[in-house]
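Residue numbers (this note's numbering), protein chains in the order written: chain Y, 1 to 252; chain H, 1 to 252.
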């Protein structure tokens, strides 16, 4: 007898950003696994168990949830944003590949959500309106040289770049190094957007330029979007400016 | 007196993929603008007007909605997926930049949604679980040479690539040319995922390889994800395989 594991995207913050499907899966689960702050976002329900863990034990957490589901449980795993973007869906797949055969038979549902870069883009206009990429600045699980290769390749080809995991206490210099790298490729006038706690009551969106971008303005709750040479800014009287990528590119 | 324009992402298909915020904005609008098939996805409400238009008149549609809001109306513009990803948010910003001054004072809300690549990724595992990019194959508004430059840059640097607008009646050869280009850079064993009508009752997800990928299998409702050399496939007894990007990359 096998159960079900739903890997659920909670979206960028408050419940209004969740899909109806995510709410239904949360309501039907008997246990909610996840990183503490994400588990805390789910309302308590009678009879529902919450199992919160630290953010550096993704594979252990995935294994615990899979084992619970394999015993017949109806289990949910929550991620902020979308579970498939630098979040728990990959860890769950990895655990399935490495784990006991019965985990492959678990009824696995991955429930997409609004990932942070989409929420930040919506908060300031449409900076991801043309070709873009998403890149994690964490070098915990990849060499920094690969981050540099990808930054240069993406910026040189004119992609707008969303930087996930830009900074943390254990990774204090990477965002500054990334800006330096990008300044070697892009004009210093390119818009850069810092979005902190997007979709939450303390949301803070700051628009600056690559020349002026200060890595100290980012923390673990920040997503950074680096525009391209084609990114435009519209000033508005009494309202924050809009940043957007035109629908046309390359002089077309 | 100015009104409000909400540019709303409907998500990939059925109402269960919509956020609570999108539903609330739809309910509060007196007029719904959009490309016909997206407008059709919104339930009729008494007193609410629907203004559907063709998919090649984005800027005209944006202008009509802005003019309506600038006259004091509560207006919604709907997009499939997320409005900020190859959709109406950019066209609205472009119309604001080019249009009369009073359009800059419209209360503009962009309501994010689950974009197609996230829905397709969720339907087959976690292929976007590490660094990836989103690239439109349409050469209506950019030169094809730029598409080729971006394909080569992204694939060479190890990004997984989501291909939006892969094919249409007016653009029949571009997807085949893109696969050819990618075969020059990536191993032919790299997984390729075709997702048709993802999130709708007739959803069809096909997993193949870059060597075998047949552009004729795509149509206007298809999104294509091209993996990287690190993308993995997990076979499951009696269930479709899972495709995923490991959390580590570059040998780390």
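Even glycine gets a Cβ: it sits at the ideal position worked out from N, Cα and C.
What does a CB cutoff of less than 8 Å around residue i pick up in its chain, not counting 5 residues either side in sequence?
| i | result |
| --- | --- |
| residue 2 of chain H | 69, 70, 72, 102, 105, 106, 107 |
| residue 54 of chain Y | 35, 36 |
| residue 135 of chain Y | 147, 150, 151, 154, 161, 162, 163, 164 |
| residue 159 of chain Y | 131, 132, 133, 228 |
| residue 22 of chain H | 8, 9, 10, 11, 111, 113 |
Anything in chain H within Cβ reach of residue i, meaning under 8 Å, just list it in chain order.
| i | result |
| --- | --- |
| residue 105 of chain Y | 236, 237, 238, 239 |
| residue 126 of chain Y | 83, 84, 89, 90, 92, 93, 110 |
| residue 248 of chain Y | 141, 142 |
| residue 119 of chain Y | 112 |
| residue 150 of chain Y | 131, 157, 158, 159 |
| residue 154 of chain Y | 133, 153, 154, 157, 159 |
Taking residue i as the query, report the chain H residues whose CB atoms sit under 9 Å from its CB, ordered along the chain.
| i | result |
| --- | --- |
| residue 68 of chain Y | Per Cβ cutoff of 9 Å: no residues; residue 68 of chain Y is ~18 Å from chain H at best. |
| residue 53 of chain Y | Result: empty, since nearest Cβ-Cβ is about 16 Å, beyond 9 Å. |
Identify every residue that forms a DSSP beta bridge with residue i.
| i | result |
| --- | --- |
| residue 124 of chain H | DSSP output for residue 124 of chain H lists no bridge partner at all. |
| residue 162 of chain H | H/134, H/225 |
| residue 205 of chain H | H/195 |
| residue 108 of chain Y | Y/5 |
| residue 31 of chain Y | Y/49, Y/75 |
Any beta carbon from chain H within less than 8 Å of residue i's own beta carbon?
| i | result |
| --- | --- |
| residue 131 of chain Y | yes |
| residue 10 of chain Y | no |
| residue 35 of chain Y | no |
| residue 252 of chain Y | yes |
| residue 178 of chain Y | no |
| residue 76 of chain Y | no |
| residue 122 of chain Y | yes |
Please list the partners that residue i has in chain H, where partner means a Cβ-to-Cβ separation under 7 Å.
| i | result |
| --- | --- |
| residue 114 of chain Y | 19, 112, 113, 114 |
| residue 15 of chain Y | 20 |
| residue 229 of chain Y | Residues of chain H passing the Cβ test: none, with the nearest at roughly 12 Å. |
With a threshold of 8 Å between beta carbons, is residue i in contact with chain Y?
| i | result |
| --- | --- |
| residue 96 of chain H | yes |
| residue 158 of chain H | yes |
| residue 208 of chain H | no |
| residue 146 of chain H | yes |
| residue 244 of chain H | yes |
| residue 27 of chain H | no |
| residue 64 of chain H | no |
Could you please give the first and the last residue of the uninterrupted alpha helix (DSSP H) stretch that includes residue i?
| i | result |
| --- | --- |
| residue 149 of chain Y | 144-156 |
| residue 174 of chain H | 174-183 |
| residue 28 of chain Y | 20-28 |
| residue 16 of chain H | From DSSP, residue 16 of chain H is part of no alpha helix (DSSP H); its letter is neither H nor E. |
| residue 63 of chain H | 58-70 |
Apart from the five residues on each side of it in sequence, which residues of its chain come closer than 7 Å, Cβ to Cβ, to residue i?
| i | result |
| --- | --- |
| residue 59 of chain Y | 91, 94, 95 |
| residue 84 of chain Y | 110, 112 |
| residue 218 of chain H | 166, 167, 175, 194, 224 |
Determine the extent of the beta strand (DSSP E) in which residue i is found, giving its start and end residues.
| i | result |
| --- | --- |
| residue 96 of chain H | Not the beta strand (DSSP E): residue 96 of chain H falls in the alpha helix (DSSP H), residues 88-98. |
| residue 74 of chain Y | 74-79 |
| residue 240 of chain H | 239-244 |
| residue 39 of chain H | Taken as a continuous stretch (DSSP letters only), residue 39 of chain H belongs to no beta strand (DSSP E), being part of the alpha helix (DSSP H) at 36-40. |
| residue 141 of chain H | Where residue 141 of chain H is concerned, there is no enclosing beta strand (DSSP E), given that its DSSP letter is neither H nor E. |
| residue 214 of chain Y | Run containing residue 214 of chain Y: none; DSSP gives neither H nor E here. |
| residue 7 of chain Y | 4-9 |
| residue 170 of chain H | No beta strand (DSSP E) contains residue 170 of chain H, which DSSP labels as neither H nor E. |
| residue 52 of chain H | 49-53 |
| residue 235 of chain Y | 232-236 |
Which residues in chain Y have a C-beta closer than 7 Å to the C-beta of residue i? List them in chain order.
| i | result |
| --- | --- |
| residue 135 of chain H | 131 |
Mind pulling the chain Y residues with CB within less than 9 Å of residue i?
| i | result |
| --- | --- |
| residue 217 of chain H | Chain Y residues near residue 217 of chain H: none, gap ~23 Å exceeds 9 Å. |
| residue 213 of chain H | Neighbours of residue 213 of chain H on chain Y: none; closest Cβ ~20 Å, over 9 Å. |
Cβ closer than 8 Å: which chain Y residues qualify as neighbours of residue i?
| i | result |
| --- | --- |
| residue 232 of chain H | 93, 97 |
Counting only the same chain and skipping the five closest in sequence on each side, list residues whose C-beta sits under 6 Å from that of residue i.
| i | result |
| --- | --- |
| residue 82 of chain Y | 9, 112, 113, 115 |
| residue 130 of chain H | 245, 249 |
| residue 200 of chain Y | 13 |
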